[in-house]
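Under mature numbering (1 follows the signal peptide of the UniProt record, and there is no 0), the residues of the sequence shown are numbered -27 to -1, 1 to 319, in order.
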Amino acid sequence: MPLSPRPARTVPALAAVLALSLTGCMAGEGSGEAQAAEKVTVDWATYNPLSVVIKEKGWLEAAFAEEGTEVEWVQSAGSNKANEALRAEAVDVGSTAGSAALLARSNGTPIKVIDLYSQPEWSALVTTPGTGVASVADLEGRTVAATRGTDPYFFLLQALEEGGVDPADVTIQNLQHADGRSALENGQVDAWSGLDPIMAAAEQNGAELFYRNVDFNTYGFLNAHENFLEEQPEAAQTVVDVYAYARDWALAHPEETAQLLADAAGIELSVAEQVLERTHLDIDHVPGEQQLAVLEKVGPIFVDSGDVPGQEQIDEALAGIVESSYAEDADAARVAEAAEGAEAGQ
């Protein structure tokens, strides 16, 4: 299939890479050439459809085969789990919502967003018939399930603020996404701040999305630990190149993308199709001012909720969280031959 060209890296970005090599920051100084990474550990998550496609197709393994680099996959059950893995350097590259990435960096995790994998409407407030909950105002005095440190949690806080409900008047149960759905369906909570594809499955099972607001959903961030970027910039670029290839492929093969997501998430094909309908993959995937503008609105909520000590930490995180050069230089053509070979061999 023809693949769309990607913009070339800017001159300042080239200078930065050259500076790294001259100062010995790249692996292999003194040997005359950079050494390939022995292993690259990346996450996959059902809320990141491109990661599912890449993993199932074996494209990352194929792209690294010539260098002999091993690829290890780790599943992230939520942005909070991806952040935990990045903090511990259990993964080199992890998938989170933009809000969760800001939270992590504000609290000292040295990560940078190197690519955007989607602009989703993956969060909404969910209830079941008979709870008497029909609006955000109805949540006062009620119990809501949400996963702290994830986009649904911050979606809930923004919805409460807009609806004039004091979070102190709502009991928030900190449950992982799947457990939140179960608690809602079992009647243990009155509402749940959901996340696709689990939310779409609950919706098709009779749950009601009583409050939606696409503007309260932050972008899908592909984040890398700073140590990985400093030590293996070429490997990081390969990961982003594979994401560029996967994005083009997924847009050209929506039916197969939905089936891969359904299989990986253990959901019906119709649920996966519904998820992808509200997940925008055809976006400008270079992180920049648009994403920072969204995060600037979320930052003060972190401070008010006590998730970040103060606005100073938010401002420092916003100033350093974006590393756009990898996405600017993304080129699907660099990995196309390897990816096509992997697919032909399946």
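We treat Cβ as the ideally placed atom computed from N, Cα and C, and that holds for glycine.
Quiz item: Given that a residue counts as buried once 16 or more other Cβ atoms are within 10 Å of its Cβ, and exposed if not, what is N190?
Solution: buried
Practice problem: Tell me whether S108 is buried or exposed, calling it buried when 16 or more other Cβ atoms sit within 10 Å of its Cβ. | Solution: exposed
Exercise. Return yes when the Cβ of P93 is within less than 8 Å of the Cβ of T230, no when it is not.
Key: no
Self-check item: Presumed contact (8 Å Cβ cut-off) between Q210 and Y299, rounded CB distance
Solution: 6 Å
Exercise. Can you tell me which of P140, A119, A141 and Q8 puts its alpha carbon nearest to the alpha carbon of N147?
Key: A119
Quiz item: What number of angstroms, rounded off, separates the C-alpha of F201 from the C-alpha of D65?
Solution: 6 Å
Self-check item: Cut-off 6 Å between Cβ atoms - residues of its own chain near S72, not counting five sequence neighbours on either side
Solution: The residues are D124, F127, T191 and V271.
Quiz item: Below 8 Å, can you find three or more Cβ-Cβ pairs linking the segment 78 to 88 to the segment 129 to 149?
Solution: Result no; under three Cβ-Cβ pairs closer than 8 Å.
Self-check item: Own chain residues within Cβ distance below 7 Å of A174, not counting five before or after
Solution: Within the same chain, and ignoring the five residues on either side of A174 in sequence, the residues whose Cβ sits closer than 7 Å to its Cβ are I240 and V244.
Exercise. May I ask you to check if the CB of L75 is nearer than 7 Å to at least one heavy atom of the ligand MN?
Key: What this structure holds is no ligand at all, so the ligand MN is not there to describe.
Exercise. Indicate the three-state DSSP secondary structure (helix, strand or coil) for A70 in the structure shown.
Key: strand
Quiz item: So what's E269 in DSSP terms, helix, strand or just coil?
Solution: helix
Quiz item: What's the C-alpha gap between A309 and L112?
Solution: 50 Å
Exercise. Compare the Cα-Cα distances from K85 to each of D16, G314, A305 and V295 and report the closest residue.
Key: V295
Self-check item: Among I287, V117, L59 and M172, the one whose alpha carbon lies nearest that of D248
Solution: Reading off the sequence shown, one finds Val at residue 248, where the question assumed Asp. Residue M172 is the option with its Cα nearest to V248.
Quiz prompt | Close Cβ partners of T42 (< 8 Å) along its chain, the five nearest in sequence each way excluded | solution = So the qualifying residues of the chain are A9, A10, E11, K12, V13 and A208.
Quiz item: Cα separation between D139 and F275?
Solution: 15 Å
Quiz prompt | Rounded C-alpha distance that separates residue 331 from A225 | solution = Residue 331 lies beyond the residue range present for the chain, which begins at -27 and ends at 319; the question has no answer from this structure.
Quiz item: Count the other CB atoms within 10 Å of the CB of V187; is the residue buried (16 or more) or exposed (fewer)?
Solution: exposed
Self-check item: Nearest candidate by alpha-carbon position, reference K28, set G193, P260, A306 and Y216
Solution: Y216
Quiz item: Which residues in the same chain as L233 place their Cβ atom closer than 6 Å to its Cβ, once the five residues preceding and following it in sequence are excluded?
Solution: V25, V26 and E29
Quiz item: Which class does D142 belong to by DSSP, given the choice of helix, strand or coil?
Solution: helix
Exercise. Rounded to whole angstroms, what's the CA-CA distance from S278 to L33? Just pull it up for me.
Key: 39 Å
Practice problem: State the start and end residues of the unbroken alpha helix (DSSP H) segment that holds V212. | Solution: P206 to A225
Quiz item: Under the DSSP definition of a beta bridge, which residues are partnered with W165?
Solution: V99 and A118
Self-check item: 7 Å CB neighbourhood of S297 in its chain, flanking five on each side removed
Solution: Sequence-distant partners of S297 (beyond 5 residues in either direction) whose C-beta falls short of 7 Å from its own C-beta, in its chain, are V259, P260 and G261.
Exercise. Go ahead and pull the three-state DSSP assignment for T123.
Key: coil
Quiz item: Who are the Cβ neighbours of D169 in its own chain at under 6 Å, not counting the five residues just before and after it?
Solution: W95 and V248
Practice problem: In angstroms with no decimal places, state the Cα-to-Cα distance between A151 and W222. | Solution: 29 Å
Exercise. Using 10 angstroms around the beta-carbon of N159, count the other beta-carbons present and answer buried if the total reaches 16, otherwise exposed.
Key: exposed
Quiz prompt | According to DSSP, residues forming a beta bridge with Y192 | solution = When DSSP reads this structure, Y192 sits in no beta bridge, so it has no partner.
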